[in-house]
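J.:
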Amino acid sequence: MAFASFAVVVLMAIALRQNEFHKEVVYLFDWISIPSFDFYARWAMQIDTLSVTMMLVVTGVGSIIHVYSIGYMHGDRNFSRYFTYMSLFLFFMLILVSGSSYLVLFVGWEGVGLCSYLLISFWFSRVDKDGVWMNANAGRKAFVVNRIGDFAIILAIILTFYTFSTLEFEPVFEQAIEMFRSGEEVILFANETFGAPGVAVGLGTVLTIITFLFLIGATGKSAQLILHVWLPDAMAGPTPASSLIHAATMVTAGVYLIVRSNVLYELARASGV
83 MAFASFAVVV LMAIALRQNE FHKEVVYLFD WISIPSFDFY ARWAMQIDTL SVTMMLVVTG
143 VGSIIHVYSI GYMHGDRNFS RYFTYMSLFL FFMLILVSGS SYLVLFVGWE GVGLCSYLLI
203 SFWFSRVDKD GVWMNANAGR KAFVVNRIGD FAIILAIILT FYTFSTLEFE PVFEQAIEMF
263 RSGEEVILFA NETFGAPGVA VGLGTVLTII TFLFLIGATG KSAQLILHVW LPDAMAGPTP
323 ASSLIHAATM VTAGVYLIVR SNVLYELARA SGV
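Our numbering numbers the first residue of the sequence shown as 83 and each following residue consecutively.
#1: Let me check understanding here. Comparing Cα to Cα, which of V134, F165, H156, G319 lies closest to N219?
#2: Between I291, L196, W205, which has its C-alpha nearest L237's C-alpha?
#3: Spell out a yes or no on whether the stretch 170-178 and the stretch 108-121 are touching, meaning 3 or more CB-CB pairs, one atom from each, closer than 8 Å.
#4: So, with DSSP's three-state summary, where would you put I236?
#5: Can you tell me where the beta strand (DSSP E) holding R124 begins and where it ends?
#6: Quick one: using the 10 Å Cβ neighbour count with 16 as the cut-off for buried, is G144 buried or exposed?
#7: When you compare each of L249, S325, T321 to R342 by their alpha carbons, which one comes out closest?
#8: Give a yes or no on whether the minimum CB-CB distance between Y338 and chain D is below 8 Å.
#9: Under 6 Å Cβ to Cβ from F225, same chain only, skipping five residues before and after it: list those, please.
#10: Give me the Cα-Cα distance between M136 and D232, rounded to the nearest whole angstrom.
#11: When you compare each of L201, V179, V189 to T334 by their alpha carbons, which one comes out closest?
#12: What is the residue span of the beta strand (DSSP E) that V311 lies within?
#13: Can you grab the Cα-Cα spacing for the pair Y338 / V140, in whole Å?
#14: Does the distance from the CB of G190 to the CB of G181 come in under 8 Å?
#15: Can you tell me the Cα-Cα spacing of T242 and I152, whole angstroms?
#16: Mapping DSSP to helix, strand and coil, what is G157?
#17: Return the chain-ordered list of same chain residues with a C-beta closer than 7 Å to the C-beta of C197, the five sequence neighbours on each side being excluded.
#18: Along the chain, where does the beta strand (DSSP E) containing L289 start, and where does it finish?
#19: Using DSSP with H/G/I as helix, E/B as strand and the rest coil, what is W113?
#20: When the Cα atoms are used, what is the spatial distance from S324 to R263?
#21: Can you tell me where the alpha helix (DSSP H) holding P320 begins and where it ends?
#22: When we look at the beta-carbon of P322 and count the other beta-carbons within 10 Å, is it buried (16 or more) or exposed?
#23: Suppose you measure from the CA of A316 to the CA of V227; what does that come to, to the nearest Å?
#24: Put G193 into one of helix, strand or coil per three-state DSSP.
#25: Starting from the Cα of I202, find the closest Cα among L313, S247, G336, I239 and give me that residue.
#26: Assign G336 to one of three DSSP states: helix, strand, or coil.
This is the structure in structure tokens:
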């Protein structure tokens with residue numbers, strides 16, 4: 083399955099090259115519709131240089147790790163469960179790097195976090211000499227620490243939608259550039275029901291808050307600064323799974339989020355806030 087995915091991504095890379103690296107958004111289906119909040123979400127893939135590069139890394143490295151895992155896990159009674167988790171991990175990682183909106187990216191983000199918990203605590207019944215469930219505790223630590231970063235991303239996504247009325251990457255970036263050029267302000271905390279007029283805040287301030295929250299989320303997923311504490315214990319899982327989590331894919335998810343949001347970071351920097 084991993085090799086088949088890699089082959090498909092290679093074909094996508096060739097097609098992207100032939101299309102002179104022009105990005106394409108592939109619409110799949112309508113996902114969420116809440117007319118009362120004017121909120122509509124669609125499930126779509128954004129095919130561009132960044133997403134295809136990440137997909138090549140995810141499927142390429144994932145394929146090699148799958149091959150190595152065949153011998154590594156040979157004879158383990160949970161052989162099938164292991165490969166189920168590994169394939170599910172790659173599935174969510176591909177959603178993360180190919181989604182056309184922050185909402186789809188977040189689905190992949192949460193799925194990767196769940197699968198990392200399942201892989202780290204794969205041998206959950208193992209105990210150390212003191213009778214401590216070390217593997218189960220390691221998985222639980224990774225799960226809890228990553229929720230800190232995830233909460234920051236949720237706040238960033240909410241503020242992004244409040245500011246731009248969409249979560250699609252391209253419309254968000256285009257609106258951010260237009261609002262920055264026009265010097266438009268954002269009205270926060272306005273509430274018609276209670277007659278609250280809200281507070282006018284400069285776009286630069288809002289973008290600084292959004293990008294800082296994204297940075298916290300990336301810090302948790304990439305195990306940086308104070309949110310690194312889960313990473314050493316993550317070696318409790320099978321070694322191939324640890325290599326997939328540590329070196330190849332999951333810890334690069336935070337980097338991908340920052341690079342994908344580079345327009346917002348540049349505007350926040352240019353605003354001088």
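Using N, Cα and C, we set each Cβ at its ideal position, and we do this for glycine too.
T.: Let's see:
#1: Of the candidates V134, F165, H156, G319, the one whose C-alpha sits nearest the C-alpha of N219 is G319.
#2: Residue I291 is the option with its Cα nearest to L237.
#3: No contact exists between the stretch 170-178 and the stretch 108-121.
#4: Secondary structure at I236: helix, using DSSP grouped into helix, strand and coil.
#5: From DSSP, the beta strand (DSSP E) with R124 extends over 121-129.
#6: By the 10 Å Cβ count, G144 comes out buried.
#7: Among L249, S325, T321, the Cα nearest to that of R342 is on L249.
#8: Annotation note: the requested chain D is absent from the structure, which comprises a single protein chain.
#9: Around F225: Y199.
#10: Between the alpha carbons of M136 and D232 lies a distance of about 21 Å.
#11: Residue V179 is the option with its Cα nearest to T334.
#12: Unbroken run through V311: none, as it is neither H nor E.
#13: Straight-line Cα distance between these residues: approximately 12 Å.
#14: Contact flag set, yes.
#15: Spanning the alpha carbons of T242 and I152 requires a straight line of approximately 43 Å.
#16: Correct three-state label for G157: coil.
#17: The answer, listed in chain order, is Y167, L170, F171, F174.
#18: Note, L289: premise wrong, no beta strand (DSSP E); alpha helix (DSSP H) at 285-303.
#19: Assignment of W113 by DSSP, reduced to helix, strand and coil, places it in the strand class.
#20: Between the alpha carbons of S324 and R263 lies a gap of roughly 46 Å.
#21: For P320, no alpha helix (DSSP H) encloses it, and the DSSP letter there is neither H nor E.
#22: By the neighbour-count rule (16 or more Cβ atoms within 10 Å), P322 is buried.
#23: Looking at the two C-alpha atoms, the distance is approximately 12 Å.
#24: G193 falls in the helix class under three-state DSSP.
#25: For I202, the nearest C-alpha among the options comes from L313.
#26: In the structure shown, the three-state DSSP call for G336 is helix.
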